[in-house]
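In case it helps, UniProt numbering puts the sequence shown at residues 1 to 587.
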Amino acid sequence: MRTNIMQKLGSFRRSTKGNFATMFALSLPIGIAAAAFAVDEGSLYVERREAQSITDLAAIYAAANIAKADAAVLKVFANNRQGGVSLAGTFDIQPTGVGYKEVRVEKGRYTPDAMVEAGKRFVVDATPHNAVRVTYRKDGTTFFANLVTGQRNIVTTAVASAPAEAAFSIGSRLVSVNTQQSALLNPLLGGLLGTNLSLAAMDYNALLATDVNALQFIDALATELKVSAGTYNDVLKAEATVGQIVSALATTTKDKDADVALAKLLGAKLPGSLKVPLSHYIDLGQVGKLALGHGASAFDANVGLMELIGAAAAIANGKNQVAANLGVGVPGLLAVKLDLAIGEPPQGGTWFAIGEAGKIVRTAQTRLQIEATVGGAGGLLGGVLGASIKLPVYVELAYAEGQLKGVSCPTGKPASAVVTVAAKPGIAEVWLGQINPADLRVFTKEPTVHPAELVNVNAVGLIKVEVSGSANVDIGNTTPKTLTFNKNDIDDRTIKSVSSSNLTQSLTSSLIKNLNLSVDVRLLGLGIGILLPSDAAVKTAVANLLSGVTAPVDGLVFNVLALLGVKVGEADIRVHGVSCGRSVLVL
């Protein structure tokens, strides 16, 4: 019996029947747990991909609408059936509960610089903003694992940038030129260029009416400078003579009348000693990194021929001084003498630039003294004295400034482009007074303005009349004004201006209104039977005669300064082109 029992036990130990069932029973819980985890991980993977796609889309849309980035992000989530998403200022605190959805929107600046580590190219809060980082955090959906591990965070991040750029410039512009104005501009522009000019009014008007593509012009200038490879910025590191600039313009323009005017300029034997540092001439921003020959197709910006010539002449004459005798070309004025000095361009700003929001353009500091000789019918005091009056006007202009505040393309197409520029005229001071012309070009100190001798008459040894006077007008506006340009404004070459609020009347009228006169009338010799005019009568006669020439003196000051791209108490802004950079993922 005992033997039978032992045999049965041995048989049982050697039997393999039921092993699979046993192993299955033991491993079933593990298999069920693994399947549960697989289901959850698969679900989380799909959910994470979906969250990343929505985050990418939200970042792209926010970058395209960066001024309203928060609203743009929430709109994307709502449109993609992700309701209940809330904005979060920080993710430092771990959320509690089930089903939370939070998004963080951070605006900053992205710089596509290969020399910078990819993760450091986006800087939060750096201005001007051109990129948005969107971080989305939510409670992942799990079916089994939450019983063991609790919540499963899903966190996705995307950075998108929309580098919309605009080309814009600052400066006063001549609209058209008549014969009298051309007679004034020839000695002035010729003085700046160091040559004699004989351009007719139609030549100036052809230059004023013609634009050239800025990038094609730099391509042509590169040929003049024998730069055959490299980028536009490589060209702008060089110096060019005014003759090379005019020659490049002649290569670029396709207008026959403008070609004639440029040929006359080239025929005037422009000196090679006057050189333009191109880094002070044009700023191309990120466009400058493009290879030569590829810029015009990437950015369409047209610039006026006269603007380019005037700016080149002014920059080439930095630190120099121009003196010109404008003769008798101004009606109402017997003669005009002019002294002009142009300061070096301020650092960090050219008159024309291409760039994103934050880019700045500036005019140069300018000093101008005009001495006009004024006469009238019957002379001074109704013919008692056949005297003329000297009217010295001294103008000092600080630089005006324009800052690109925003470039947006709501529909993503250039037709919807809107460009905003904050412009501020330069502070100006205008005197009726006399300065030492040698002090004009010393921009490190203010010239001393002395009362001017307006009248000095010795009537055949009988009567001596001396009249001196001074006046001063301060013109300034420290508050920028925002100008808005749409695509039609850009296409129509529209120029918009900001003016100083305290310049409400004629410049010369303002001076004469504040004029302080000192009169000395004396009888010389016997002077029998001569009736001396009173001081009051002399003052009245002088003031009346000066009041009659406010218009020609104002016009003279305007025409001289407009050639240099500056204006008293005003700043003119033009937007030359816009590029609606597509919003794209960058990180």
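The beta carbon of each residue, even a glycine, is placed where N, CA and C say it ideally should be.
Per DSSP, what kind of secondary structure is residue i in: helix, strand or coil?
i, result
"Gly355", "strand"
"Ile427", "coil"
"Lys445", "coil"
"Ile495", "strand"
"Leu299", "Leu is not the amino acid found at residue 299; the sequence shown has Phe there. Three-state result, Phe299: coil."
"Lys413", "coil"
"Asn65", "coil"
"Gly379", "Confidence at Gly379 is low in this model, with a pLDDT of 48, below 50, so its placement is unreliable and the value that follows should be read with caution. Coil."
"Asp339", "strand"
"Gln52", "helix"
"Gly190", "helix"
"Gly119", "helix"
"Gln82", "coil"
"Asn436", "coil"
"Gly529", "Note that Gly529 scores a pLDDT of 46, beneath 50, so its modelled location is shaky and nothing firm can be said."
Report all residues from its chain with a CB closer than 8 Å to the CB of residue i; omit the five preceding and five following residues, and keep chain order.
i, result
"Lys413", "Cys580"
"Pro29", "none"
"residue 626", "Given a span of 1 to 587 for the chain in the structure shown, any question on residue 626 remains unanswerable."
"Glu165", "Gly285, Gln286, Val287, Phe299, Ile354, Gly355, Glu356, Val407, Val578, Ser579, Gly581"
"Ser182", "Leu199, Ala200, Ala201, Asp203, Tyr204"
"Lys481", "Ala422, Ala423, Lys424, Val498"
Hey, quick one: how far does the alpha helix (DSSP H) through residue i stretch, first residue to last?
i, result
"Lys107", "Note, Lys107: premise wrong, no alpha helix (DSSP H); beta strand (DSSP E) at 101-110."
"Ile512", "507-513"
"Glu307", "305-316"
"Asp211", "Per DSSP, Asp211 belongs to no alpha helix (DSSP H); it is in the beta strand (DSSP E), 211-213."
"Asp535", "535-547"
"residue 589", "Absent from the structure is residue 589, since the part of the chain shown begins at 1 and ends at 587."
Output the boundary residues of the beta strand (DSSP E) element that contains residue i.
i, result
"Pro392", "389-397"
"Phe91", "Run containing Phe91: none; DSSP gives neither H nor E here."
"Ala69", "Looking at the DSSP string, Ala69 is not in any beta strand (DSSP E); the run it does join, the alpha helix (DSSP H), is 69-79."
"Thr366", "366-374"
"Val575", "570-579"
"Ala166", "165-170"
"Leu404", "401-408"
"Asn153", "153-161"
Going by other Cβ atoms of all chains shown within 10 Å of its Cβ, with 16 needed for buried, is residue i buried or exposed?
i, result
"Phe217", "buried"
"Leu87", "exposed"
"Asn4", "exposed"
"Tyr232", "buried"
"Tyr399", "buried"
"Lys107", "buried"
"Pro112", "exposed"
"Ala417", "buried"
"Ala364", "buried"
"Tyr45", "exposed"
"Leu57", "buried"
"Ala63", "buried"
"Glu102", "buried"
"His500", "Sequence inspection shows Ser at residue 500; the His mentioned does not correspond to that position. Buried, because 16 or more other Cβ atoms sit within 10 Å of the Cβ of Ser500."
Note down, in chain order, each residue of its chain lying with its Cβ closer than 7 Å to the Cβ of residue i, except the 5 sequence neighbours on either side.
i, result
"Thr251", "Ala220"
"Ala311", "Tyr281, Trp351, Gly565"
Beta-carbon within less than 6 Å of residue i's beta-carbon, same chain only, minus the 5 sequence neighbours each way: which residues are those?
i, result
"Ala167", "Ala301, Ile354, His576, Gly577"
"Thr156", "Ala51, Gln52, Thr55, Tyr136"
"Phe299", "Val287, Ser579"
"residue 593", "Residue coverage of the chain in this structure runs from 1 to 587, which leaves residue 593 outside it and unanswerable."
"Tyr61", "Ala72, Val76"
"Ala268", "Thr195, Leu197"
"Met306", "Leu207, Leu208"
"residue 588", "Because the chain spans 1 through 587 in this model, residue 588 falls outside it and cannot be assessed."
Are the C-beta of residue i and some C-beta of chain C separated by less than 8 Å?
i, result
"Ser86", "Going by chain labels, chain C is absent from the structure shown, which holds only one protein chain."
Sequence ranges, alpha helix (DSSP H) only - wholly within the stretch 226-293, length at least 4: You should have 232-236, 242-252, 256-267.
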